[in-house]
Amino acid sequence: MVATKYKDMLQEKSVIRELFGYALNRAKEVGYDNVFDYSLGNPSVEPPKEFTQTLLRLIKEMDPMALHGYSPTLGIPSVLEKVAASLRQRFGLPYKAEHIFMTTGAAGAIAHTVRAVCSPGEEIITFAPFFPEYRPYITLSGAILKIVPPDYDAFQIRFDLFEEMINDKTAAVLINTPNNPTGVIYSEETLKKLATILTQKSKQFGHPIYLISDEPYREIVFGGIPAPYVSTYYKDTIVCYSFSKSLSLPGERIGYVAVNPNCEQGETMIQMCGQISRGIGHNCPPSLIQLAVAETIMLTSDLSIYEKNKNILYQELKTLGFTCVEPDGTFYIFPKALEEDANLFSLKAKKYDLCLVPGDSFGCPGYFRMAYCIETEKVERSLEAIRKFVKKEYNR
């Protein structure tokens, strides 16, 4: 017999991936340049040249058996040291190698962290809008996902509803800042208030409520807006990071878990991650890529293109009458659709070769996401298609 829970998931495939597949097929018909695919958050800038040079040097100079062999379960020791050193230097917390676990991207980091802090039947709270894959990450571990409805005005946290939702089964809270899909950064005020509540509730219920901070967009911040480092505000924070966006390496599947050095049972949790790997198969990320990112860890790709693209789209959407919170970072924008049903809105957009992701799966019906990690020239050309779509379908 097949596993019915995974068979049932075939009816709930990722809307983002389905749209991306549609765009690829449509491009074969009308040409890549004529399809304006805003579906998938796939970086559109090259990795730093130094990363490529490092790869080539490692391949040329290192012993192939060492370079391509299995890494230790927790990660290559020299890599763990360099990750910890970078966090010490940037954020001032006393990270050591024993606080770091190398993973297959942020997805692998979250998969390990959820299982480390939450037993089946316990609850994890997140805030809408949220990355849709949080659902399988959490529910397939046996935990229960609880969702706080969105603050549509600013996409910060609705603390009144959040406090009502916390109970003695709450094991963790999962946040994402800068946020996918809104591009909003949680303010220092928001993070301080969140930390205060979690400290109080942990004391009330007699166990730590961990804060899981999903941070793949940490380096993509616009206009000098401060992006507070979450772990600074709450000691029981576990950071889940990916190099997919900062170094433009999504296909290399490399990231890490970083437990706050002051976190309760933090070092034990890192050791536990090695055991969790035995059950979920996310063990031993590629040795070559671990070594390469360790040597380029303080670099980023040229991320300025995303702010340029954001400015173009945000101004055009506002001109056309869309309600939209301006992104602080990432490469996403999350406007309100021009009709109540964002799925129907997005379906109509496909007639104009615009691939827009409806917001229902993000926990925000009536909104849609645009991933503007495409060439700036293509963003500019898409404006005419957007204007035509809005004019013909909504007479604006």
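Residue numbers (this note's numbering): 1382 to 1777.
C-beta: ideal position from N, C-alpha, C; glycine also.
Practice prompt. Kindly identify the DSSP beta-bridge partner or partners of Y1591.
Written response: Looking at the DSSP assignment, Y1591 forms a beta bridge with A1553.
Worksheet item: Quick one: Cα of T1485 to Cα of K1773, how far?
Response: C-alpha separation (whole angstroms): 44 Å.
Discussion item. Here's a check: name, in chain order, each residue in its chain whose Cβ is nearer than 8 Å to the Cβ of I1491, leaving out the five neighbours to either side.
Written reply: Counting only Cβ-Cβ distances below 8 Å, and skipping sequence neighbours, we find Y1515, Y1518, L1555, I1593, D1595 and C1621.
Item to complete: Pick out whichever of D1709, K1717, V1464 and N1690 has its Cα sitting closest to the Cα of F1703.
Response: Of the listed residues, the one whose Cα sits closest to F1703 is K1717.
Worksheet entry | Cβ-based burial, D1414 [other Cβ within 10 Å; buried from 16] | Exposed, because fewer than 16 other Cβ atoms sit within 10 Å of the Cβ of D1414.
Worksheet item: Based on the DSSP secondary-structure assignment, which residues constitute the bridge partners of I1525?
Response: Its beta-bridge partners are E1504.
Discussion item. Quick check on T1700: buried or exposed, where buried means 16 or more other Cβ atoms within 10 Å of its Cβ?
Written reply: Around the beta-carbon of T1700, fewer than 16 other beta-carbon atoms lie within 10 Å, marking it exposed.
Practice prompt. Between the Cα of M1546 and those of E1393, K1527 and A1639, spot the shortest distance and give me the residue it belongs to.
Written response: For the residues E1393, K1527 and A1639, the minimum Cα distance to M1546 belongs to K1527.
Fill in: For E1462, the nearest candidate out of K1477, R1471, N1692 and V1638 (CA to CA)
Checking every option, the nearest Cα to that of E1462 belongs to K1477.
Worksheet entry | Closest Cα partner of P1531 within the set S1452, F1508, H1449 and L1439 | Comparing Cα-Cα distances from P1531 to each of S1452, F1508, H1449 and L1439, the minimum goes to F1508.
Worksheet entry | Selection from P1510, V1495, L1405 and G1489 that minimises the alpha carbon distance to D1741 | For the set P1510, V1495, L1405 and G1489, the Cα lying nearest the Cα of D1741 is the one of P1510.
Worksheet item: Under the rule that 16 or more other beta-carbon atoms within 10 Å means buried, what is A1535, buried or exposed?
Response: Around the beta-carbon of A1535, fewer than 16 other beta-carbon atoms lie within 10 Å, marking it exposed.
Worksheet item: Start and end of the alpha helix (DSSP H) containing F1432?
Response: Unbroken alpha helix (DSSP H) run through F1432: K1430 to E1442.
Practice prompt. Grab the span of the alpha helix (DSSP H) containing I1651 for me, first residue to last.
Written response: Bounds of the alpha helix (DSSP H) holding I1651 are G1647 to I1661.
Worksheet item: How is the beta strand (DSSP E) around K1636 delimited, first residue to last?
Response: One point to set straight first is that residue 1636 is Gly, not Lys, in the sequence displayed. Taken as a continuous stretch (DSSP letters only), the beta strand (DSSP E) holding G1636 covers G1636 to V1640.
Item to complete: Identify whether D1617 lies in helix, strand or coil by the three-state DSSP scheme.
Response: In the structure shown, D1617 sits in coil (DSSP, three-state: anything other than H, G, I, E or B).
Worksheet entry | Residue(s) in a DSSP beta bridge with F1417 | Per DSSP, L1735.
Discussion item. Measuring only the C-alpha atoms, how far is L1719 from G1747?
Written reply: One Cα belongs to L1719, the other to G1747, and the distance between them is close to 8 Å.
Fill in: Cβ pair G1710, A1608 closer than 8 Å
Cβ distance < 8 Å, so G1710 and A1608 count as in contact.
Fill in: Residue from Y1614, V1640 and T1563 with nearest C-alpha to K1574
Nearest of Y1614, V1640 and T1563 to K1574, Cα basis: Y1614.
Worksheet entry | T1484, DSSP secondary structure in three states | Strand at T1484.
Discussion item. Short of 6 Å in beta carbon distance, which residues of its chain neighbour S1627, apart from the five on each side in sequence? Order them along the chain.
Written reply: Leaving aside the five residues that flank S1627 on each side, the residues in its chain whose CB is nearer than 6 Å to its CB run, in chain order, E1600 and T1681.
Worksheet item: According to DSSP, is S1459 helix, strand or coil?
Response: In the structure shown, S1459 sits in a helix (DSSP, three-state: H, G or I).
Worksheet entry | Whole-angstrom distance between C1745 and L1542, CA atom to CA atom | Approximately 16 Å between the Cα atoms of the pair.
Practice prompt. Locate the alpha helix (DSSP H) running through R1768, then write down its first and last residues.
Written response: DSSP places R1768 inside the alpha helix (DSSP H), whose first and last residues are T1757 to Y1775.
Item to complete: Find the nearest neighbour of V1760 within the set I1686, S1668 and E1633, judged by alpha-carbon distance.
Response: That would be I1686, whose Cα lies nearest to the Cα of V1760.
Practice prompt. Kindly indicate the opening and closing residues of the alpha helix (DSSP H) around F1749.
Written response: It is not in any alpha helix (DSSP H) - F1749 instead sits in the beta strand (DSSP E) that spans F1749 to A1752.
Practice prompt. Quickly, what does DSSP pair Y1622 with across the bridge? List them, please.
Written response: DSSP output for Y1622 lists Y1637 as bridge partner(s).
Discussion item. Three Cβ pairs or more, each shorter than 8 Å: is that satisfied between the segment 1577–1584 and the segment 1662–1672?
Written reply: Segments in contact, no.
Item to complete: Look up Y1515 in the DSSP assignment and say whether it is helix, strand or coil.
Response: In this structure, Y1515 counts as helix in the three-state DSSP scheme.
Discussion item. According to DSSP, I1714 sits in a beta bridge with which residue or residues?
Written reply: DSSP lists M1751 as the bridge partner or partners of I1714.
Worksheet item: Secondary structure at V1565, three-state DSSP: helix, strand or coil?
Response: In this structure, V1565 counts as coil in the three-state DSSP scheme.
Fill in: Residues near V1396 by beta carbon distance below 7 Å, same chain, minus five either side
Excluding positions up to five away in sequence, the list reads V1738, P1739 and S1742.
Discussion item. So, with DSSP's three-state summary, where would you put V1706?
Written reply: Here V1706 sits in coil by DSSP.
Worksheet item: Q1656 to L1725, Cα distance in whole Å?
Response: The straight-line gap separating the alpha-carbon atoms of Q1656 and L1725 is approximately 45 Å.
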